[in-house]
Amino acid sequence: MHHVPLNWLKTFECVARLLSFQNAARELHVTTGAVSQQIRKLEDVVGASLFLRSRSPIALTVIGEAYFREIQEPLEKLYMATRQIEKHKSPGPLRIWGSRFFIRLWLLQHLASFRSLHPDIELSIETGKPNEGVPSDVDIAIRVGRDSHPDLKHQELMPRIVIPVCSPAYAREQGLTDAGGELSRYTLLCSSTTSDEWQIWAAANAIDHGKLSNIVTLSSSDLVHGAALEGVGISLGRLGFIEKEIEQGHLIALHGHSVDLGKGFVIHYRRDAMHDPRVRAFFRWIKSEVADTIANSHHLLGSRYDPSASWLAAPHTSL
14 MHHVPLNWLK TFECVARLLS FQNAARELHV TTGAVSQQIR KLEDVVGASL FLRSRSPIAL
74 TVIGEAYFRE IQEPLEKLYM ATRQIEKHKS PGPLRIWGSR FFIRLWLLQH LASFRSLHPD
134 IELSIETGKP NEGVPSDVDI AIRVGRDSHP DLKHQELMPR IVIPVCSPAY AREQGLTDAG
194 GELSRYTLLC SSTTSDEWQI WAAANAIDHG KLSNIVTLSS SDLVHGAALE GVGISLGRLG
254 FIEKEIEQGH LIALHGHSVD LGKGFVIHYR RDAMHDPRVR AFFRWIKSEV ADTIANSHHL
314 LGSRYDPSAS WLAAPHTSL
């Protein structure tokens, strides 16, 4: 029986998972040639081809697929055992980074349920600017749109679906009903970072955007949300972020159907995150919470809820 070096198996697992010699080399911090050489040596030992190299991208052979399934779990257990020893008694916090809007108006409102499920996981939560790239030293990042950094993987988390909302006090003062009417007569609120949202919403609802001229621009989306609560005007409330205020009577939904702005919230994580049980726990929790949030939006807003983002209906892979 031949002895197979552990680093050959690690290299094979990485190539099989990514289906790319180049990406595996990048993750392992070695050259593509070194990866290819180790795979060749492993194939010589097992006496079979593990990859179909003639395809682009490469693919696993039948034997390669079976081998991948057999070695993946033992390698993960070895990784986790080593990580536990390395971080014994001091694992450090799970570092979560996200846009200020998402962190303040969604994550913090739901975080108690994660803490009750996983009181042993220490957290460090930071906020960033809307268009800021994902910092390299975080475990999980949530932002609008994808960060193209090659060391990060990502999945769509929540669409940006909006509907006009205002405070009951503003509605009474202006004589508004939930049917809305001609919005051009009223003060509309928007963020300088998302200044085209009213134009997108108007086009989707067959409204002349040129008539929407009474606009107050604020520097961030969370300020827009706060201004709507204070009765300054009408904002495009984001589904998933306004349900609590609507249920408590602090906001009311107005005229028109909801509109998907595209480029929703995306969760990013390191390529080796699947080996970290804390990341797995957070990932499973947040996907479940978001699914509940979307279901609640549908229930609360009824026919005005239009989840038109196609990926919402698509199955998501898990860590």
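Using the working numbering, the first residue of the sequence shown is number 14, and each one after it goes up by one.
Built from N, CA and C at the ideal position, the CB exists for glycine as well.
Among the options, the one whose alpha carbon lies nearest that of residue i
i	options	result
R117	S271, P106, I155, A215	I155
H167	V175, I174, V157, R173	V157
E56	Q35, Y80, G188	Y80
H311	D289, A72, G253	G253
R291	E26, Q51, S62, M93	M93
R128	S62, N309, W298, I307	W298
G244	H222, T200, S271	T200
P87	Q35, H288, A308, T306	H288
P181	P70, L225, L267, K300	L267
G111	L313, I71, T306, Y282	Y282
P132	F115, L107, G46	L107
W119	H16, L264, L274, D235	D235
L130	D305, K300, A294, N309	A294
I52	N36, L31, W21, L242	W21
W211	I247, H42, S233	I247
R173	E40, V237, S271	S271
D209	D273, V17, I134	D273
P70	F115, F34, H123	F34
V58	V17, T207, K276	V17
G262	G277, L19, C179	C179
R66	I255, E40, T44, L32	L32
I255	E135, I176, L165, A125	I176
T74	F25, I280, N218, A217	F25
I280	Q187, I109, A125, F114	I109
R185	L264, K276, I134, S301	L264
F278	S126, A308, R113, A37	R113
F333	L19, D152, A308	Look at the range of the chain in this structure, 14 to 332, and you will see that residue 333 is not part of it.
A19	K300, F115, E89	Note that residue 19 is Leu in the sequence shown here, rather than Ala. Per the Cα distances, E89.
Rounded separation between residue i and residue j - CA only
i	j	result
K257	G141	24 Å
E78	A29	8 Å
I84	R68	24 Å
L121	I138	10 Å
K23	R82	13 Å
V229	F64	58 Å
A240	W214	19 Å
L222	L202	A small fix is needed here, since residue 222 is His in this sequence, not Leu. H222 and L202: Cα-Cα distance of roughly 14 Å.
A286	R198	50 Å
C27	V303	30 Å
D150	E195	48 Å
Y183	L249	15 Å
M171	R284	21 Å
N227	T306	32 Å
R251	A47	48 Å
I259	L313	9 Å
L242	E169	28 Å
T95	G105	15 Å
G193	L91	Low confidence applies here, because G193 scores a pLDDT of 47, under 50, leaving its location unreliable and the question unanswered by this model.
A72	S49	14 Å
A61	K54	11 Å
L231	L189	23 Å
L165	K224	43 Å
K276	N36	25 Å
E135	V237	32 Å
V43	N218	53 Å
L124	I76	44 Å
Backbone secondary structure at residue i - three-state DSSP
i	result
G193	At G193 the pLDDT is 47, less than 50, meaning the model places this residue with poor confidence; the figure from the coordinates comes in the next sentence. Coil, per DSSP.
L121	helix
I259	helix
Y282	strand
K166	strand
F254	coil
I265	strand
L73	strand
V48	helix
D273	strand
R65	Sequence check: residue 65 is Leu here, not Arg. Of the three classes helix, strand and coil, the one that applies to L65 here is strand, per DSSP.
L325	Reliability fails at L325, whose pLDDT of 34 lies under 50, so the model's placement of it is uncertain and the value that follows must be treated cautiously. Helix at L325.
Bridge-paired residues (DSSP) for residue i
i	result
S205	Partner(s): none; S205 has no beta bridge.
G111	T140, I155
S248	V178
V237	Bridge partners of V237: none, in fact.
I228	L201
M93	Paired residue(s): none; M93 is not in a bridge.
Validate contact between the region 142-151 and the region 160-178 using beta carbons, cut 8 Å, 3 pairs: yes
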